[in-house]
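Visitor:
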Amino acid sequence: MEVRFLADLDVERARARAEEFEVRDGSGEVAAGTVEELLAREDVDIVVNLMIPAAHAEVDRRILEAGKHVWSEKPIAMASQEARELLALADEKGLRLACAPDTMLGPGIQTALRAVASGEIGDVLTGSFVFQTGGPESWHPSPEFLFTHGAGPLFDMGPYDVSAAVRLFGPVARVMAVSSTARDTRVIGSGPKAGTGFPVDVPTHHAALLTFASGASAQAVFSFQSALPRIGEIEVSGIEGSIALPDPNMFAGDSTLWAFPEGLAAPETRTLPVPEVPFARGAGVVDLARSLRDGVPEQASGAMAAHVLDVLIAIHDAAAEGRIVDVDPAGFTAPEPLPEDWDPTVATL
């Protein structure tokens, strides 16, 4: 794969990045410019969309209409209907639409998925997913967008945990939730804008109960208002044991498994060995390119991203409206775990 062009609303910013990473055209000129220039290029097959959340769907649509495959940052859209329309457009044009997070493809989560799929804890019954911090404004130099519509802890960090949840349990069928907002304003803690206040437009804490189509259930917490950080804590219990998974926002990390040996009351504990990580961020884009070439489904599909979005919206609506929200699981099937030696960077030609 080659990076052919960088585009941004701020063209000078795109040019600076292209210069930094030596992205140049055939004549040696810096290959950067506007989104329109990018979409007009005939030598670009896949466009990686890293715009702010509110712009994901519109930019994805423009990319597809230009005849190019898409790797989108999460969430895939702001509304379920937008996501469905994008999937339909991609299908109509014979294009692929894939979406972050690609951390699900790392050996950390995949090692745990293989253990669960092989029956090491028996049929899965319940789960717990927790992400809680005081919020990103203490370290992020421009955190305002993380507290606007389409972000907050639910839509910014929720895709990691919910993506892991649906890979473990399958599609979600029903959601209950509550939410709260600790403060109406926050103060930037670092960078040139340190000390500047900004408004909070979304809830900064969601607690949800998810019921899956399989009958299993899980509790989930997404919070930017906890002084006690608990980042990426996932626990899954089955009939024969439990497993604690690594942070779904990372590619690596150990899993710990507790299993009830036959005839013994006390569970045995062991750490699952995780192979060295040969890849990191960007693995999903590489997998998309390889999948296109090989004619096989990509691992981080738009269909999965659309279902994850449905779940996130259901959590939001259940909390905002004080009701149980049903989720349509149609169109989504949890993918099988990847083989232990899977590596999207290995040359196969």
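The sequence shown begins at 63 in this note's numbering and counts up by one.
C-beta: ideal position from N, C-alpha, C; glycine also.
#1: According to DSSP, Arg292 sits in a beta bridge with which residue or residues?
#2: If you count every other CB in all the chains shown that lies within 10 Å of the CB of Met219, and 16 or more means buried, which is it?
#3: For Thr243, which residues of its own chain have a beta-carbon under 7 Å away from its beta-carbon, when the five flanking residues on both sides are left out?
#4: For Ile296 versus Thr195, is the C-beta distance shorter than 8 Å?
#5: Identify the continuous beta strand (DSSP E) that holds Gly253 and give its terminal residues.
#6: Which residues in the same chain have their Cβ closer than 6 Å to the Cβ of Thr388, if we skip the five residues on either side of it in sequence?
#7: Taking 8 Å as the cut-off, decide whether the C-beta atoms of Gly272 and Ala227 are in contact.
#8: With three or more beta-carbon pairs closer than 8 Å as the criterion, would you say the region 204 to 221 touches the region 320 to 337?
#9: Relative to the C-alpha of Val240, which candidate in Glu154, Asp379 and Gln287 has its C-alpha closest?
#10: Kindly identify the DSSP beta-bridge partner or partners of Ser204.
#11: So Arg15 and Leu350 are supposed to be a Cβ contact under 8 Å. How far apart are they, rounded?
#12: Which class does Pro169 belong to by DSSP, given the choice of helix, strand or coil?
#13: Quick check on Arg345: does DSSP put it in helix, strand or coil?
#14: For Arg352, does the count of other Cβ atoms within 10 angstroms reach 16, so buried, or fall short, so exposed?
#15: Which same chain residues, not among the five before or five after Phe274, have their C-beta less than 7 Å away from its C-beta?
#16: To the nearest angstrom, how far is it from the Cα of Met63 to the Cα of Ile375?
#17: Within the same chain, show all residues whose beta-carbon is closer than 8 Å to that of Asp122, passing over the 5 residues directly before and after it, in chain order.
#18: Please specify which runs of the beta strand (DSSP E), each continuous and at least 3 residues long, are wholly inside the region 125 to 192, giving them in chain order.
#19: Spatial neighbours of Glu360 within its chain, please: CB distance less than 7 Å, with the 5 preceding and 5 following residues excluded, ordered by chain position.
#20: Under the rule that 16 or more other beta-carbon atoms within 10 Å means buried, what is Ile386, buried or exposed?
#21: Assuming His267 is part of the beta strand (DSSP E), what are its boundary residues?
#22: Going by DSSP, which residues form a beta bridge with Met366?
#23: Using the three-state DSSP reduction, which class does Glu383 fall into: helix, strand or coil?
#24: Looking at the unbroken beta strand (DSSP E) that takes in Arg236, where does it start and where does it end?
#25: Who pairs with Asn111 in a beta bridge, going by DSSP?
#26: What residues are listed by DSSP as bridge partners for Ser304?
#27: Cutting at 8 Å between CB atoms, please list the residues of its own chain near Ala177, excluding the five before and the five after it.
#28: Count the other C-beta atoms from every protein chain shown that fall within 10 angstroms of the C-beta of Ser363, then say buried if there are 16 or more, exposed otherwise.
#29: When the Cα atoms are used, what is the spatial distance from Ser288 to Val192?
#30: Check Ala116 in the structure and name its three-state DSSP category.
#31: What do you get for Thr395, buried or exposed, if any count of 16 or more other CB atoms within 10 angstroms of its CB means buried?
#32: What is the DSSP secondary structure of Phe313, counted as helix, strand or coil?
#33: For Gly277, which residues does DSSP report across the bridge?
#34: Less than 6 Å between C-beta atoms, sequence neighbours within five positions excluded: which residues of the same chain meet that for Leu400?
#35: Since Pro215 is in the alpha helix (DSSP H), which residue starts that stretch and which ends it?
#36: DSSP three-state label for Ala376, please.
Guide: Here's the rundown:
#1: Partner(s): Gln194.
#2: buried
#3: Val262, Pro265 and Thr266
#4: no
#5: First-last for Gly253: undefined, no H or E at that position.
#6: One detail in the question is off: residue 388 reads as Asp in this sequence, not Thr. In the same chain as Asp388, and ignoring 5 residues on each side of it, the C-beta atoms closer than 6 Å to its own belong to Arg236, in chain order.
#7: Sequence inspection shows Leu at residue 272; the Gly mentioned does not correspond to that position. Cβ distance < 8 Å, so Leu272 and Ala227 count as in contact.
#8: no
#9: Asp379
#10: Answer is none; Ser204 lacks a bridge partner.
#11: The structure shown does not extend to residue 15, since the chain is modelled only from 63 to 411, so the question has no answer here.
#12: Helix at Pro169.
#13: As written in the sequence, residue 345 is Ala, which differs from the Arg given in the question. If DSSP states are grouped into helix, strand and coil, Ala345 belongs with the helices.
#14: buried
#15: Phe231, Gly232, Pro233, Val234 and Ala235
#16: 35 Å
#17: Asn111, Val132, Ser134, Ile138, Ala139, Leu148 and Leu159
#18: 131 to 134 and 159 to 161
#19: So the qualifying residues of the chain are Arg158, Ala160, Asp349, Leu350 and Ser353.
#20: exposed
#21: His267 to Phe274
#22: Met366 pairs with nothing; no bridge assigned.
#23: helix
#24: Val234 to Ser242
#25: Ser134
#26: DSSP lists Ser299 and Trp320 as the beta-bridge partner residues of Ser304.
#27: Cβ neighbours of Ala177 beyond the five flanking positions: Ile183, Ile305, Ser317, Leu319 and Leu334.
#28: Under this definition Ser363 is a buried residue.
#29: 11 Å
#30: In this structure, Ala116 counts as helix in the three-state DSSP scheme.
#31: Flag for Thr395 reads exposed.
#32: Three-state result, Phe313: coil.
#33: None; Gly277 has no bridge partner.
#34: Gln172
#35: Note, Pro215: alpha helix (DSSP H), Gly214 to Phe231.
#36: helix
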